[in-house]
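**Q**
Protein chains: 6
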Amino acid sequence: MTDKAATAETRQDRFERGMKVLTEIDGPAGQRVIDSLADISPELGHQVVAWGFGDIYQRPGLAPRDRQLVTLGMLTALGGCEPQLEVHINAALNVGLAPEEIIEALLHSAVYCGMPKAVNATFAAKRVFAERGLLPVKTR
Amino acid sequence: MTDKAATAETRQDRFERGMKVLTEIDGPAGQRVIDSLADISPELGHQVVAWGFGDIYQRPGLAPRDRQLVTLGMLTALGGCEPQLEVHINAALNVGLAPEEIIEALLHSAVYCGMPKAVNATFAAKRVFAERGLLPVKTR
Amino acid sequence: MTDKAATAETRQDRFERGMKVLTEIDGPAGQRVIDSLADISPELGHQVVAWGFGDIYQRPGLAPRDRQLVTLGMLTALGGCEPQLEVHINAALNVGLAPEEIIEALLHSAVYCGMPKAVNATFAAKRVFAERGLLPVKTR
Amino acid sequence: MTDKAATAETRQDRFERGMKVLTEIDGPAGQRVIDSLADISPELGHQVVAWGFGDIYQRPGLAPRDRQLVTLGMLTALGGCEPQLEVHINAALNVGLAPEEIIEALLHSAVYCGMPKAVNATFAAKRVFAERGLLPVKTR
Amino acid sequence: MTDKAATAETRQDRFERGMKVLTEIDGPAGQRVIDSLADISPELGHQVVAWGFGDIYQRPGLAPRDRQLVTLGMLTALGGCEPQLEVHINAALNVGLAPEEIIEALLHSAVYCGMPKAVNATFAAKRVFAERGLLPVKTR
Amino acid sequence: MTDKAATAETRQDRFERGMKVLTEIDGPAGQRVIDSLADISPELGHQVVAWGFGDIYQRPGLAPRDRQLVTLGMLTALGGCEPQLEVHINAALNVGLAPEEIIEALLHSAVYCGMPKAVNATFAAKRVFAERGLLPVKTR
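Protein chains in written order, with UniProt numbering: chain A, 1 to 140; chain B, 1 to 140; chain C, 1 to 140; chain D, 1 to 140; chain E, 1 to 140; chain F, 1 to 140.
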């Protein structure tokens with residue numbers, strides 16, 4: 001990272017770097033969140049993109065697929081983040097997690113977060129999978 | 001407070017004292033919550049008013065504007081309190097916080113509560129600001 | 001429990017044991033949750049029934065009525081579990097808690113969880129009570 | 001409650017009413033919390049006693065034993081409230097819950113709050129039971 | 001799973017099946033938790049092993065390494081679960097996650113859970129890594 | 001912000017900008033957290049400084065004192081963040097909040113977060129105030 005550390009970037013450079021990552025991972029769902037923030041908190045939209053995606057997501061230390069696994073765990077545990085779960089379940093599919101792996105991860109969450117949060121997250125997955133024609137899921 | 005401490009009050013006195021504070025701060029939004037509780041838990045409505053507003057809010061040790069700032073932070077962090085956030089974002093505007101300050105406080109919350117809760121709270125602000133004709137917000 | 005511990009059960013046996021408890025306590029509301037999980041995570045539905053109800057709920061150490069009281073406290077505190085609160089407020093009524101006791105328990109939650117979560121849970125009770133013709137509640 | 005509602009009380013009256021309830025339920029553990037607050041936030045100590053115990057706990061709509069059951073559920077679900085769990089596990093024993101019922105309630109919490117919070121709460125119970133010579137607990 | 005579903009198991013069979021998984025993943029740290037529960041809630045210890053590990057962890061749908069990633073995300077987001085984080089950071093190392101990947105996952109959590117929870121989880125990792133002679137971590 | 005947006009900065013520039021803000025606000029307590037992260041997650045330390053302080057805290061839209069008020073509310077509500085509360089209660093004193101205002105804000109939190117979290121946060125304040133010779137606090 002020495003080279004990158006030495007590179008001077010403008011605010012706009014960082015935003016563009018993040019936008020590229022966001023588009024790869026989240027597709028239009030991420031873009032819609034940024035657009036919805038435009039008239040109320042453009043700076044929050046900027047930070048989601050420039051910091052969340054440009055600074056953190058793009059780091060090479062953890063594969064995009066693994067980042068989504070951790071993220072699904074966090075959003076399930078936090079509670080009340082169903083809209084974000086839908087975005088990230090879409091993202092998880094985009095970066096190569098199988099539908100069965102996502103459902104298994106949410107089943108696994110019952111052990112740590114309890115049944116209600118596991119059920120809420122699983123219903124968020126159902127909405128996303130329905131939209132993408134992935135129902136019924138074949139689990140064992 | 002010595003004098004007040006010595007003053008004997010009925011349950012109704014305390015309620016009326018709280019109702020005066022509630023009306024000043026929240027306007028009709030607070031009243032609607034109390035009304036909705038009337039047929040299911042009038043005592044909870046009473047305690048919100050008599051204790052929350054009559055005993056705590058009216059204390060002189062922290063300005064109403066400052067109480068709203070702390071409250072916005074708490075409701076954002078708790079999660080799942082979007083209806084209460086709408087009431088208190090309205091209240092925050094009523095007691096003198098600028099729309100830009102509210103949005104900045106919610107941006108600030110991203111550092112402590114993470115992006116999903118900051119985004120959820122900002123969308124609650126968007127609904128309130130839309131209703132009051134305050135969009136788009138001019139932030140830097 | 002020595003006898004039970006020695007009894008070999010199949011996965012299906014455990015499910016059926018749980019289903020019996022679930023039906024007694026939750027009635028059709030519990031069944032609907034299991035049905036909704038069928039095409040997305042049948043295993044989560046299985047575990048809610050076989051483990052949650054078959055292994056835990058049916059244990060003799062705590063009366064069904066007491067289990068619902070603890071559960072109402074937990075769901076209120078967790079936040080964002082309004083659908084589960086509705087199921088369990090129904091269940092609480094089914095196992096013998098009076099409407100007034102449920103409302104009192106949710107009022108009590110204000111001391112420990114704060115007013116917003118107490119209000120959210122009370123509105124979940126209002127939806128259930130309305131459906132069952134139990135409004136207005138007569139509290140003191 | 002009409003009569004009580006009509007009774008004028010001073011701040012001190014309400015505190016004394018609450019203190020009587022606190023002492024009955026929590027014994028010295030509750031008193032220690034109030035004492036620890038004396039030099040930092042005597043008003044918070046006052047409100048815990050006058051409001052939490054004087055206004056809410058003493059209400060007749062839910063038996064003290066039942067209030068402790070709900071409270072154990074809430075404190076387990078909130079997380080990070082181990083000191084309060086210890087106070088209330090003591091209180092639960094004082095108002096007639098059997099050690100086995102408390103442990104069963106915390107086992108039950110695993111279904112709703114997940115294993116980590118159930119384990120944390122159970123270790124809080126272990127500390128209290130150890131102090132009161134109640135180990136080992138005979139559960140089935 | 002048809003075959004397994006048809007196999008009748010005793011309570012003890014399920015426990016032994018789980019114990020095998022627990023030992024493979026968590027090593028002595030998991031065993032210590034079960035031992036500590038023996039005199040206060042042996043049933044909770046049984047359920048952690050027989051259900052958590054025997055029923056859920058051993059399922060083939062998600063690799064052990066992936067289960068730990070999801071789990072680290074959940075425990076970080078829940079908050080107040082530092083003892084469990086230490087057990088599972090140990091487990092994560094045992095099933096093949098590199099120290100750098102664990103640290104990167106916890107950095108990633110800052111985006112979703114906020115800085116305080118990310119810092120708390122990172123300090124839990126520091127305690128585990130120190131014990132295992134893994135400090136300093138070489139991140140980019 | 002047009003000018004700043006156009007300014008190209010290196011990673012190091014952003015860190016230094018944040019470090020200046022961190023030192024002004026938190027003094028040595030903030031520095032200690034960064035130091036403790038050096039051998040386990042230097043990148044997390046970098047992001048706390050460069051992003052949290054350099055990008056967010058330094059923004060002119062909300063006064064430093066107001067940022068601390070919101071932050072105290074968030075940390076109290078999150079729970080399990082007592083170390084961060086101590087850092088930020090120190091910071092709150094550094095940027096001009098009176099001890100009485102801090103205590104009043106934490107009393108206020110009882111209404112929204114419940115008594116246990118309010119008490120936990122107040123005891124964090126007690127530790128900080130004791131260290132700075134600010135006990136007893138004179139509240140009304």
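The C-beta atom is built at its ideal place from N, Cα and C for all residues, glycine as well.
Is the separation between the beta-carbon of Pro99(D) and that of Leu69(D) shorter than 7 Å?
**A** It is not a contact, given that the beta carbons lie outside the stated cut-off.
**Q** Roughly how many whole angstroms lie between the Cα atoms of Asn94(B) and Pro64(B)?
**A** Their Cα atoms are separated by approximately 10 Å.
**Q** Please report the Cβ distance between Leu72(B) and Ala92(B), rounded to the nearest whole angstrom; I am assuming they are in contact, meaning their Cβ atoms lie under 8 Å.
**A** That pair is a contact at about 6 Å.
**Q** Since Glu100(D) sits in a beta bridge, which residues does DSSP pair it with?
**A** According to DSSP, which records beta bridges pairwise, Glu100(D) is partnered with nothing at all.
**Q** Closer than 8 Å, Cβ to any Cβ of chain D: which residues of the stretch 13-36 of chain E, in chain order?
**A** From the stretch 13-36 of chain E, only Val33 and Ser36 have a Cβ closer than 8 Å to chain D.
**Q** Taking Cβ positions only, does Asp39(E) come closer than 7 Å to chain G?
**A** Looking for chain G here will not work: the only protein chains present are A, B, C, D, E and F.
**Q** Sort out for me which residues DSSP pairs Tyr9(A) with in a bridge.
**A** The amino acid at residue 9(A) is misidentified as Tyr; the sequence shows Glu. Per DSSP, Glu9(F).
**Q** Shortest alpha-carbon distance to Leu44(B) belongs to which of Ile102(D), Gly52(D) and Asp39(D)?
**A** The residue with the shortest Cα to Cα distance from Leu44(B) is Gly52(D).
**Q** Alpha carbon to alpha carbon, how far is Ala114(F) from Val111(C)?
**A** With the sequence shown as reference, residue 114(F) is identified as Gly, and Ala is not the correct amino acid for it. Those two C-alpha atoms are separated by around 5 Å.
**Q** Considering only the alpha carbon of each residue, which of Thr76(B), Glu131(B), Lys117(B) and Arg11(B) lies closest to Gln84(A)?
**A** Comparing Cα positions, the closest option is Lys117(B).
**Q** Short of 9 Å Cβ to Cβ, which residues in the stretch 56-71 of chain D face chain B?
**A** Correct list: Ile56, Arg59 and Gly61.
**Q** Please list the partners that Gly52(A) has in chain B, where partner means a Cβ-to-Cβ separation under 7 Å.
**A** Result: Met115.
**Q** Which residues bound the alpha helix (DSSP H) around Ser41(C)?
**A** It is not in any alpha helix (DSSP H) - Ser41(C) carries neither H nor E in the DSSP assignment.
**Q** Below 7 Å CB to CB, which residues in the same chain sit around Phe129(D) once its five sequence neighbours on both sides are set aside?
**A** Pro99, Leu135 and Val137.
**Q** Within 10 angstroms of the Cβ of Arg14(D), are there 16 or more other Cβ atoms? Answer buried if so, exposed if not.
**A** So Arg14(D) ends up on the buried side.
**Q** Residues of chain B with a CB under 8 Å from the CB of Glu131(D): which are they?
**A** Near Glu131(D) there are no residues of chain B at all, since even the closest Cβ is about 33 Å away, more than 8 Å.
**Q** What residues of chain B sit near Leu93(C), judged by a beta carbon separation below 7 Å?
**A** Within chain B, no residue comes near Leu93(C); the closest Cβ sits about 14 Å away, beyond 7 Å.
**Q** Taking 7 Å as the threshold (beta carbon to beta carbon), is Val111(D) in contact with chain A?
**A** Interface residue, yes.
**Q** Is Ala6(B) buried or exposed, if buried means 16 or more other CB atoms sit within 10 Å of its CB?
**A** Exposed, since its Cβ has fewer than 16 Cβ neighbours within 10 Å.
**Q** Hey, would you say the C-beta of Gln12(A) is under 6 Å away from at least one heavy atom of the ligand ZN?
**A** You won't find the ligand ZN in this model; it holds no ligand whatsoever.
**Q** With DSSP collapsed to three states, give me the class of Ala63(F).
**A** In the structure shown, Ala63(F) sits in coil (DSSP, three-state: anything other than H, G, I, E or B).
**Q** Taking the C-alpha atoms as reference points, what is the distance between Thr76(A) and Leu107(A)?
**A** For Thr76(A) and Leu107(A), the distance between alpha carbons rounds to 11 Å.
**Q** Ala6(C) versus chain B: which residues are under 7 Å apart at the beta carbon?
**A** In chain order: nothing, as chain B lies at least about 45 Å away.
**Q** Would you mind working out which of Leu78(A), Phe123(A) and Gly27(A) sits nearest Ser41(C), comparing C-alpha positions?
**A** For the residues Leu78(A), Phe123(A) and Gly27(A), the minimum Cα distance to Ser41(C) belongs to Phe123(A).
**Q** Between Val87(B) and Gly30(B), how many whole angstroms is the CB-CB distance? I'm expecting something under 8 Å.
**A** The pair is a contact, with the Cβ atoms about 6 Å apart (cut-off 8 Å).
**Q** For Lys32(B), which three-state DSSP category applies?
**A** Rather than Lys, the amino acid found at residue 32(B) in this sequence is Arg. Arg32(B): helix per DSSP, three-state reduction.
**Q** Just verifying my parser: in three-state terms, what is the DSSP assignment at residue 144(B)?
**A** Outside the displayed span of chain B (1 to 140) sits residue 144(B), for which this structure offers no information.
**Q** Using the three-state DSSP reduction, which class does Leu78(E) fall into: helix, strand or coil?
**A** In the structure shown, Leu78(E) sits in a helix (DSSP, three-state: H, G or I).
**Q** Kindly indicate if chain D contains any beta-carbon less than 7 Å away from that of Ala125(C).
**A** False, the Cβ-Cβ gap to chain D never drops below 7 Å.
**Q** On a CA-only basis, which of Arg59(C), Ile34(C) and Val119(C) is nearest Gln47(C)? Give me that one, please.
**A** Taking only the C-alpha atoms, the option nearest Gln47(C) is Ile34(C).
**Q** How about Glu101(B) and Leu62(F): do their beta carbons lie closer than 7 Å?
**A** Contact flag set, yes.
**Q** Going by alpha carbons, who is nearest to Leu37(B) out of Asn120(C), Glu131(C) and Glu16(C)?
**A** Comparing Cα-Cα distances from Leu37(B) to each of Asn120(C), Glu131(C) and Glu16(C), the minimum goes to Asn120(C).
**Q** Taking 7 Å as the threshold (C-beta atoms), are Gly80(C) and Gly80(B) in contact?
**A** Going by C-beta atoms, Gly80(B) is nearer than 7 Å to Gly80(C).
**Q** Have a look at Arg32(C) and Ser109(D) and give me their C-alpha separation to the nearest angstrom.
**A** Cα to Cα, Arg32(C) sits roughly 22 Å from Ser109(D).
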